[in-house]
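A.B. asks: Protein chains in written order, with my numbering: chain X, 1 to 399; chain P, 1001 to 1300. Think of the CB as a built atom: it goes at the ideal place given N, C-alpha and C, for glycine as much as any other residue.
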Amino acid sequence: MRVHTLLVSLLAVAVTGGLADARAQGVISGNEFNPAISLILDGQYSSYSNDAEDYEISGFPLDEEAGLTAEGFSLDESELNISANVDDQFYGYADIVFTDTEGETEVELEEAYFETLALPAGLAVKGGKFLSGIGYHNAFHPHSWDFSDEPLAYRGMLGKAFTDVGVQGRWVAPTDLFLTFGGELFRGDSYPALGSANDGTGAFSLFAKAGGDVGASNSWKAGLSWLSYDVEDAGLEVEDGDLLLNGDGDLYIAEFVWKWAPNGNPRERNFKFQTEFLHREEDGDADFDGLGGPQSGGYDTDQDGLYLQAVYQFMPRWRVGVRYDWLSADNDTPGLSVTTPFDGDDREPDRYTFMVDFSNSEFSRLRLQVSEDNSSSDSDTQFVLQYVLSIGAHGAHAF
Amino acid sequence: MRTLVRPLLLAGLLIGAPAWAQLRIVSCEPEWASLAEALGGDDVKAESATTGLQDVHHIQARPSLIARVRRADLLICTGAGLEAGWLPILLRQAGNAKIQPGQPGFLEASQHIEMLEVPVSVDRSQGDVHPYGNPHVQTDPRNILPVADTLVERLATLDAANADAYRSRHADFSARWTEAVDGWTTRGTGLRGMAIVTHHKSWVYMVNWLDLDEVATLEPKPGIEPGAAHLARLLGSVEGRGVRLIIRASYQSARASEWLADRIDAPAVVLPHTVGSVDGTDDLFALYEVMLTTLEQHAP
Chain X
1 MRVHTLLVSL LAVAVTGGLA DARAQGVISG NEFNPAISLI LDGQYSSYSN DAEDYEISGF
61 PLDEEAGLTA EGFSLDESEL NISANVDDQF YGYADIVFTD TEGETEVELE EAYFETLALP
121 AGLAVKGGKF LSGIGYHNAF HPHSWDFSDE PLAYRGMLGK AFTDVGVQGR WVAPTDLFLT
181 FGGELFRGDS YPALGSANDG TGAFSLFAKA GGDVGASNSW KAGLSWLSYD VEDAGLEVED
241 GDLLLNGDGD LYIAEFVWKW APNGNPRERN FKFQTEFLHR EEDGDADFDG LGGPQSGGYD
301 TDQDGLYLQA VYQFMPRWRV GVRYDWLSAD NDTPGLSVTT PFDGDDREPD RYTFMVDFSN
361 SEFSRLRLQV SEDNSSSDSD TQFVLQYVLS IGAHGAHAF
Chain P
1001 MRTLVRPLLL AGLLIGAPAW AQLRIVSCEP EWASLAEALG GDDVKAESAT TGLQDVHHIQ
1061 ARPSLIARVR RADLLICTGA GLEAGWLPIL LRQAGNAKIQ PGQPGFLEAS QHIEMLEVPV
1121 SVDRSQGDVH PYGNPHVQTD PRNILPVADT LVERLATLDA ANADAYRSRH ADFSARWTEA
1181 VDGWTTRGTG LRGMAIVTHH KSWVYMVNWL DLDEVATLEP KPGIEPGAAH LARLLGSVEG
1241 RGVRLIIRAS YQSARASEWL ADRIDAPAVV LPHTVGSVDG TDDLFALYEV MLTTLEQHAP
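1) Give the straight-line distance between the Cα atoms of Y48 of chain X and V322 of chain X, rounded to the nearest whole angstrom.
2) For P151 of chain X, collect the residues of the same chain with a Cβ closer than 8 Å to its Cβ; drop the 5 residues on either side in sequence, then sort them by chain order.
3) Among P:H1058, P:A1046, P:G1040 and P:P1030, whose alpha-carbon lies nearest the alpha-carbon of E362 of chain X?
4) I'd like to know if G215 of chain X contacts chain P, where contact means its C-beta is closer than 7 Å to some C-beta of that chain.
5) So for T333 of chain X, helix, strand or coil by DSSP?
6) Against R1070 of chain P, what residues of chain X qualify as contacts under a CB-to-CB distance less than 7 Å, listed in chain order?
7) By DSSP's criteria, R280 of chain X is part of a beta bridge. Which residues make up the other side?
8) Does chain P have any CB closer than 7 Å to the CB of S219 of chain X?
9) I want to see whether chain P comes within less than 7 Å of D87 of chain X, judged by CB atoms only; does it?
10) Given that a residue counts as buried once 16 or more other Cβ atoms are within 10 Å of its Cβ, and exposed if not, what is E1289 of chain P?
11) What are the boundary residues of the beta strand (DSSP E) that includes F383 of chain X?
12) Nearest-angstrom Cα distance between Y387 of chain X and P1063 of chain P?
13) According to the Cβ coordinates, are Q1252 of chain P and H1199 of chain P closer than 7 Å?
14) List the residues of chain X that H1058 of chain P touches, going by C-beta distances under 8 Å, in chain order.
15) Does the distance from the CB of I40 of chain X to the CB of E79 of chain X come in under 7 Å?
16) Can you tell me which of the three DSSP states K129 of chain X falls into?
17) Chain P beta carbons: is any one of them nearer than 7 Å to that of A22 of chain X?
18) Going by alpha carbons, who is nearest to W1032 of chain P out of P:E1108, P:L1053, P:A1080 and P:V1243?
19) Answer with yes or no whether the minimum CB distance from P1300 of chain P to chain X is below 7 Å.
20) According to DSSP, W226 of chain X sits in a beta bridge with which residue or residues?
21) Between V1275 of chain P and L1260 of chain P, how many whole angstroms is the CB-CB distance? I'm expecting something under 8 Å.
22) What residues from chain X crowd round R1248 of chain P, counting only those whose CB sits closer than 7 Å?
23) If you draw a straight line from the alpha carbon of V370 of chain X to that of S148 of chain X, how long is it in whole angstroms?
24) Could you check the C-alpha separation between I1196 of chain P and E1117 of chain P for me, to the nearest Å?
25) Can you look up W145 of chain X in the DSSP assignment and give me helix, strand or coil?
26) So with CB distances below 9 Å, who are the chain P contacts of L119 of chain X?
27) Would a check of beta-carbon distances place P1088 of chain P closer than 7 Å to chain X?
28) Any C-beta of chain P sitting closer than 7 Å to the C-beta of A398 of chain X?
29) Under a three-way DSSP split, which group does Y1166 of chain P fall into?
30) At the 7 Å Cβ level, is P1220 of chain P part of the contact set with chain X, yes or no?
31) With distances taken between CB atoms, is the gap from S1237 of chain P to R1248 of chain P smaller than 7 Å?
32) Spell out whether any CB of chain P is found under 7 Å from the CB atom of F178 of chain X.
33) Using only the alpha-carbon positions, how far apart do H394 of chain X and R365 of chain X sit?
34) Does D1282 of chain P get closer than 7 Å to chain X when you measure Cβ to Cβ?
35) Between the segment 313-320 of chain X and the segment 262-272 of chain X, do at least 3 Cβ pairs fall closer than 8 Å?
36) If you scan the segment 141-200 of chain X from start to end, which runs of the beta strand (DSSP E) of 3 or more residues do you find wholly inside it?
Now the structure itself:
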């Protein structure tokens, strides 16, 4: 309640302040001393041939956040973004997400971080809670996704995306080719790193990215990332009991993005191809507690995930997109005689998605999406009709 | 060991190339890179993040642009919200302290120009409006000199060793520019009251300078492409108004202006809006020369 009042008054300040400032001559931030504030309204109607509650991916134990949006009308995520330069050295950003499920509104701090503005030699430091820089898809908020849901590989291996409390350092090389290197140290509380092992520094990552142009019309970006994490006392609900995991994992991601826009003008027509390959290895102890008495065993998994997607804006405001997802797992649970989500790795889940969307302006988008989802052996046909609207000072999107 | 040291040293030299080199200037729009070249000569290496064929409202924050901004000593942009869709990303991701707003290495041209069409209130239902006024300032050549006056001081601050050279080039440019603008303005009196239709509200500074009569704009609202119904209504309102010319910029779709040109007795043309936007506009002098000549060809 208190948070609510604060937000309302912040918005009020922004609105009145914005009008008064409108006659002043420009600064780049689009406001004077008020932070830039925007609200993303995101809702959908979905229809699935299977029960969304029973959703599973063969061979991939799922995080509690992973899964399908509720069937029928639903508000997925309403995002409140607040950002501004703190002073000449720091930039501050917060993304507060309101999720409305089963009649209850939950408030979640998706991101709240600072970033340095004026370190020398191409260096920058980010600290707080933020979406990790690993992979390509990970750092984008749902409202800027090209499809209404995340790639299956992300759903299976990262829940939705990897966001955690920690610190990131990165460096941009002084070269004509765009080259950046970064590393992150995290608390390790978020899936798949669970339990904030090692006194709250249970995960780290390293990444390298490159990018450039080919002529005036084409541009690309490619990268490699590695996320390493400890798992401490992570609980997993299984049939007739609970599984307690203690171990560690490594996730490797290769990303590649190609964009085309005639003469560098994406407004009329543009094309975007995006692909990522994820490989994850986890192992450790798995202790079962439940029906039939406790058992001590282990888990040892080897998982791959791939997606390829292409989105084409064939005329102003209209885009079509296709996506293919594929997963494969090779899991062992030595010493356990109970059925766990690690089982089912004998089949390879996949999914085919088609979408068409219409953007009346940069600030509004309506989307229809159809998927044939073979995440489990019971194939699911999914229809999603979605709107994504943005009000307020909506900032720029990264490449 | 030796075999390792050599390449490492070489790499170190390449990466940390000392500042004997020219001042690196990156501009958001081609006209400011051209101005920087005029004042900086061989002491600077100026390049524009966009070309004359691109719509600066809609540029993607491409990796190549981040790499360019990373090494810039000076960044010149029009500002006033024109680059709001991409410049903030470049500023945050490039890791370059020198070109952050507030630093001598960041120059926002619109801060030094008297802005037109500053709205009293803004609302997105009005289309892609700019709360700080119309940002297409470069269509009036009289707006170039105030920016040059600021730029020369920035250059002299950032590269004090060559300050005299910058000031002397500026004095020369200033004299030649004043004379050229006087010439164009005198020629422009012949165009006074000429009726034109424009595609986007991106010529208001030119219209103001030459006292043209902007009868209509093809876009129903700034940044929103005209549809068939809107064009049909527009046709009714411009017929019989003596329109001489339908003007669009190099990056705008020809569809709407050609449609109108087929129905009223006026040609649709691409008028140069910046350096490199049409053939023969390789520098600022050529830009306004071609702009004026094109208008004169269609004058009453």
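C.D. replies: Reading it off the structure:
1) Put simply, the backbone Cα of Y48 of chain X is about 19 Å away from that of V322 of chain X.
2) H137, E276, G305, Y307, Q309, R323 and D325
3) P:H1058
4) no
5) coil
6) G122, V172 and P174
7) X:L251 and X:Q303
8) yes
9) no
10) With 16 or more other Cβ atoms within 10 Å, it is buried.
11) D380 to G392
12) Cα-Cα distance, rounded: 29 Å.
13) The Cβ atoms of Q1252 of chain P and H1199 of chain P lie closer than 7 Å to each other.
14) N265, P266 and R267
15) yes
16) strand
17) Here A22 of chain X scores only 39 on pLDDT, less than 50, and its place in the model should not be relied on; the value that follows carries that caveat. By this cut-off, A22 of chain X is an interface position.
18) P:E1108
19) no
20) X:L206 and X:Y252
21) No, V1275 of chain P and L1260 of chain P are not in contact; Cβ-Cβ is about 28 Å, not under 8 Å.
22) Near R1248 of chain P there are no residues of chain X at all, since even the closest Cβ is about 13 Å away, more than 7 Å.
23) Approximately 10 Å, taken between the alpha carbons.
24) 19 Å
25) coil
26) G1095 and A1097
27) yes
28) yes
29) helix
30) No, P1220 of chain P lies away from the interface with chain X (no Cβ there is under 7 Å from its Cβ).
31) no
32) yes
33) About 14 Å.
34) no
35) yes
36) 163-172 and 178-186
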